[in-house]
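Colleague: The listed protein sequences derive, respectively, from chains R and B. For the first sequence, our numbering gives the first residue as 4, with consecutive numbering after it. For the second sequence, our numbering gives the first residue as 161, with consecutive numbering after it.
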Amino acid sequence: NLGESLRNTLKKIAKASHIDKNLIKEIVRDIQRALLSADVNVKLVLKLTKEVERRALEEKPLAGMSGREHVIRIIYDELVGVLGGAREVSLKKHVIMMVGLYGQGKTTTIGKLSKFFSKKGLQVGVIAGDVHRPAAYEQLAQLGEQAKVPIYGEPGNKDAVSIVERGLKKMLKKDIVIIDTSGRHSLEQDLIDEMENIYKVSKADERFLVIDAAVGQQAGPQAKAFHETVHITGVIMTKLDGTAKGGGAISAVSVTKAPIVFIGIGEHMDDLEMFDPPRFISRLLG
Amino acid sequence: KKINKKKLDSVIWELEIALYESDVATSVVEEIKNKLKSEIEGVRIRRGLSLEKVITRALKNAISNVLAIDPYDFDRVIAESKRPIIMMFVGVNGTGKTTSIAKIVHRLHKNNYSCVVAACDTFRAGAIEQLQKHADKLNVKLVKQGAGADPAAIAFDAVEHARARNKDVVLIDTAGRMHSNANLMSEMAKLKRVAKPDVIIFVGDALAGNDAVEQAMKFEECVGIDAAILSKIDADAKGGAALSIAHAVGKPIMFVGVGQEYKDLQEFNPHWMLKRLFN
Ligand SMILES: Nc1nc2c(ncn2[C@@H]2O[C@H](COP(=O)(O)OP(=O)(O)OP(=O)(O)O)[C@@H](O)[C@H]2O)c(=O)[nH]1
Ligand SMILES: Nc1nc2c(ncn2[C@@H]2O[C@H](COP(=O)(O)OP(=O)(O)OP(=O)(O)O)[C@@H](O)[C@H]2O)c(=O)[nH]1
Ligand SMILES: [Mg+2]
Ligand SMILES: [Mg+2]
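As structure tokens, this is what we get:
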């Protein structure tokens, strides 16, 4: 268990009277393994640990801080530096567009967000912009019923852009409009074009990238592709109720510079939480 | 000439990075690496061969051994099994279970087998409707009840239906579930007890990184996996999860999903996988 090996190396540092080069090399290797096991992007892991190594050797521990606390503080600092802390979601009138790879939890998260905003006293409307997945409209309609929020959709119509256009006109009075889009990946040019057209026609104020905590090395490259097309403004990491560490989120944030807005911790409508960086990082490092 | 330890370590580190970038789990990379090191240490290299070539070849062999577990001959299993053959599809949320079932029905129909599908995901919004849409397109019988109904009862009905009408294959779709959720895992174990499947297929996401190991191990522990399907390889995923799963539970990958259409199901080929992992 890698969290354990990292803790053991940190114990060695605690016992050492000063931090020597070899001990640092050893801890860097352990941090690399911990981050790689958490699915953080390989290039990012190498870059982060190089920086941790440099700082551990060059910086003096703060007064009263042990060598071990010094190194932990640096690792933590570097990770928070990438994550950039959490951000609040706006409660003003705005349009949100949800994008992401297949099966990440976009549609389910829309159900959760609808309930979240409704509880704040806001009027919410949802547009069923996924014209590809069988019964995508039906799935959203059922979630809308649970959240007591209207869904605009045109089952059978394969033109997502026209549905979004008409949906937005119908929902002008809503405070929050959320647009569901189909899963897609960067190699499907026609779907990337569709996503870009939905963005252009909706002028969505927020473009949230929904990403599954279990996604591995593809998190970075895919996030980059989505970012290049619609400029991501926030990341939602789902399925953190499983065992995945969510390192893909770190890669996605570092590539889009968009902070994590929410995390999904289950399949029910209430399973949505604000992102808490310290908790996330300590779980990541095991 | 004898192998220089420092050079060996640096060549192995380069190969390690390649495997990590292909989503092979760290625990699997560690085991393969240690096995490799113990085989290589003290070995002498023939003149004219570079250290890189020798190590890369040894690594590829180590990986082929993991991947080439008794391959699962799906067509043969279907042809030779008693009737109806009952297949149950399991896995965590969103990995492609429902879509994979549709692809397999399509393949079975092309080979002139008759099928019955059981809609045993009675929890998720739109799950039954999604399967009904596929069933209508494929012209296959879907056994279903309302949302919230008992999955075990539906599976039982589907098997009875298949027996009565001499159908060849029963395919049971189950709800996605987290392997860390004890209640859902025991619900799945109960479904297995009632439906008595002949084959249990784990559907994993090729986009998954290290968690693929944990998922496969927990599902193997709970109900036992006969073979796996790895979906979404077309999302440019290298699919190292295939290696992680095969290594973790010693079960074969029988198909990979390469798209959302019914035709997008390919037989798993270890050589093809090896090329992907190293490019
Ligand atoms: N355990 C758990 N399951 C989740 C979470 N979020 C979504 N899911 C489940 O993940 C599966 C996929 O969710 P969807 O909302 O259909 O995903 P999607 O991104 O809309 O999928 P596509 O539209 O096909 O790309 C469903 O079984 C959801 O119930 C979460 O935070 N935890
Ligand atoms: N690109 C691609 N997409 C796939 C593949 N297999 C499934 N999908 C997509 O992944 C999404 C989820 O597929 P489902 O079949 O609903 O997954 P599931 O495992 O049944 O999901 P739950 O029942 O919610 O746990 C859908 O949008 C599918 O079209 C594949 O091989 N390639
Ligand atoms: Mg969806
Ligand atoms: Mg399903």
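Glycine residues also receive a C-beta, built at the ideal position from the N, C-alpha and C atoms. As the structure is a prediction and not an experimental result, all values here were calculated from the model.
1) Looking at Ile-361 (chain B) and Val-383 (chain B), is the spacing between their C-beta atoms short of 8 Å?
2) For a test of your reading of the model: does the CB of Thr-282 (chain B) fall under 7 Å from any non-hydrogen atom of ligand 1? Yes or no.
3) Check each candidate in B:Glu-320, B:Tyr-273, B:Lys-392 and name the one with the smallest Cα separation from Val-354 (chain B).
4) Is Arg-337 (chain B) helix, strand or coil by DSSP?
5) Report the option in R:Val-164, R:Asp-178, R:Leu-175 whose CA atom is closest to the CA atom of Thr-184 (chain R).
6) Could you tell me the alpha carbon to alpha carbon distance between Ala-239 (chain B) and Ser-187 (chain B), rounded to whole angstroms?
7) Run through DSSP, which three-state label would Glu-421 (chain B) get?
8) Contact check, Ala-252 (chain R) vs Ile-214 (chain R) under 8 Å by CB: the rounded distance?
9) By Cβ distance below 7 Å, which residues in the same chain neighbour Val-48 (chain R) in space, the five residues on each side in sequence not counted?
10) Between which two residues does the alpha helix (DSSP H) harbouring Phe-265 (chain R) extend?
11) When you check each C-beta in the segment 223-245 of chain B against every C-beta of chain R, which residues fall closer than 8 Å?
12) Give the DSSP bridge partners of Arg-210 (chain R), in chain order.
13) Would you list the residues sitting across from Ile-361 (chain B) in a DSSP beta bridge?
14) Could you have a look at Asp-183 (chain R) and say whether DSSP puts it in helix, strand or coil?
15) Can you tell me the Cα-Cα spacing of Val-45 (chain R) and Glu-157 (chain R), whole angstroms?
16) Beta strand (DSSP E) containing Glu-276 (chain R): first to last residue?
17) Do we get a CB-CB distance below 8 Å when we pair Gly-170 (chain R) with the residues of chain B?
18) Could you check whether the Cβ of Asp-333 (chain B) sits closer than 7 Å to any heavy atom belonging to ligand 4?
19) Go ahead and pull the three-state DSSP assignment for Met-414 (chain B).
20) Verify the CB distance criterion: does Leu-168 (chain B) have a CB-CB separation below 8 Å to chain R?
21) Say whether the segment 383-393 of chain B touches the segment 410-422 of chain B, bearing in mind that this needs 3 or more beta-carbon pairs closer than 8 Å, one atom from each stretch.
22) Do Val-277 (chain B) and Arg-337 (chain B) come within 8 Å of each other at the CB atom, strictly closer than that value?
23) By a C-beta neighbour count over all protein chains shown, 10 Å radius and 16 as the cutoff for buried, is Val-238 (chain R) buried or exposed?
24) Could you tell me how far apart the beta carbons of Ile-181 (chain R) and Val-256 (chain R) are, in whole angstroms, since I believe they sit closer than 8 Å?
25) I'd like to check one pair, Lys-195 (chain B) with Ile-172 (chain B): are the Cβ atoms closer than 8 Å?
26) Under a CB-based cut-off of 8 Å, is Val-252 (chain B) close to chain R?
27) Between the segment 232-253 of chain R and chain B, which residues of the former have a C-beta closer than 9 Å to a C-beta of the latter?
28) Out of curiosity, what's the CA-to-CA distance linking Leu-5 (chain R) and Asn-341 (chain B)?
29) Please classify Glu-176 (chain B) as buried or exposed, where buried requires at least 16 other C-beta atoms within 10 Å of its C-beta.
30) Hey, how far is the Cα of Asp-274 (chain R) from the Cα of Thr-110 (chain R)?
31) Please list, in chain order, all residues of the same chain as Glu-174 (chain B) whose beta carbon is under 7 Å from its beta carbon, the five residues on each side excluded.
32) Which of helix, strand or coil does DSSP assign to Thr-259 (chain R)?
33) Buried or exposed: which applies to Ala-279 (chain B), given that a residue is buried once 16 or more other Cβ atoms fall within 10 Å of its Cβ?
Modeller: Quick answer:
1) Ile-361 (chain B) sits away from Val-383 (chain B), with the two beta carbons spaced by 8 Å or more.
2) Between ligand 1 and Thr-282 (chain B), a heavy atom-to-CB distance of less than 7 Å is absent.
3) Taking the Cα of Val-354 (chain B) as reference, the smallest distance to any Cα among B:Glu-320, B:Tyr-273, B:Lys-392 is reached at B:Glu-320.
4) In the structure shown, Arg-337 (chain B) sits in coil (DSSP, three-state: anything other than H, G, I, E or B).
5) Of the residues R:Val-164, R:Asp-178, R:Leu-175, the one whose Cα lies closest to the Cα of Thr-184 (chain R) is R:Val-164.
6) Taking the straight line from one Cα to the other gives about 37 Å.
7) Judged by DSSP in its simplified three-state form, Glu-421 (chain B) adopts coil rather than helix or strand.
8) Indeed, because the Cβ distance is near 6 Å, the residues count as touching under 8 Å.
9) If we look at Val-48 (chain R) and ignore the five residues flanking it on each side, its Cβ neighbours are Gln-35, Leu-38, Leu-39.
10) Here Phe-265 (chain R) belongs to no alpha helix (DSSP H); instead the beta strand (DSSP E) covers 263-267.
11) Taking 8 Å as the upper bound on Cβ-Cβ separation, chain R lies near no residue of the segment 223-245 of chain B.
12) Partner(s): R:Met-100.
13) Ile-361 (chain B) pairs with B:Phe-249, B:Ala-387.
14) In the structure shown, Asp-183 (chain R) falls within a strand segment according to DSSP collapsed to helix, strand and coil.
15) The straight-line gap from Cα to Cα measures roughly 43 Å.
16) Taken as a continuous stretch (DSSP letters only), the beta strand (DSSP E) holding Glu-276 (chain R) covers 275-277.
17) For Gly-170 (chain R), the answer is no, since every Cβ of chain B falls outside 8 Å of its Cβ.
18) For ligand 4, at least one heavy atom lies less than 7 Å from the Cβ of Asp-333 (chain B).
19) DSSP places Met-414 (chain B) within a strand segment (E or B) once states are collapsed to three.
20) Not closer than 8 Å to any Cβ of chain R, the Cβ of Leu-168 (chain B) fails to qualify, so no.
21) Three or more Cβ pairs closer than 8 Å define a contact, and the segment 383-393 of chain B meets that threshold against the segment 410-422 of chain B.
22) Between Arg-337 (chain B) and Val-277 (chain B), the CB-CB gap reaches or exceeds 8 Å.
23) Around the Cβ of Val-238 (chain R), a 10 Å sphere holds 16 or more other Cβ atoms; the residue is buried.
24) At roughly 21 Å, the Cβ-Cβ gap does not stay under 8 Å, so Ile-181 (chain R) and Val-256 (chain R) are not in contact.
25) Cβ atoms of Ile-172 (chain B) and Lys-195 (chain B): not closer than 8 Å.
26) Closer than 8 Å: yes.
27) Correct list: Thr-241, Lys-242, Asp-244, Gly-245, Thr-246, Ala-247, Lys-248, Gly-250, Gly-251.
28) Below a pLDDT of 50, predicted positions are generally treated as unreliable, and Leu-5 (chain R), at 47, falls in that range; no measurement from the model is reported.
29) Result: buried.
30) In this structure, the CA atom of Asp-274 (chain R) is about 14 Å from the CA atom of Thr-110 (chain R).
31) Result list for Glu-174 (chain B): empty, nothing under 7 Å.
32) Assigned with DSSP and collapsed to three states, Thr-259 (chain R) falls in helix.
33) The residue is buried, with at least 16 neighbouring Cβ atoms inside 10 Å.
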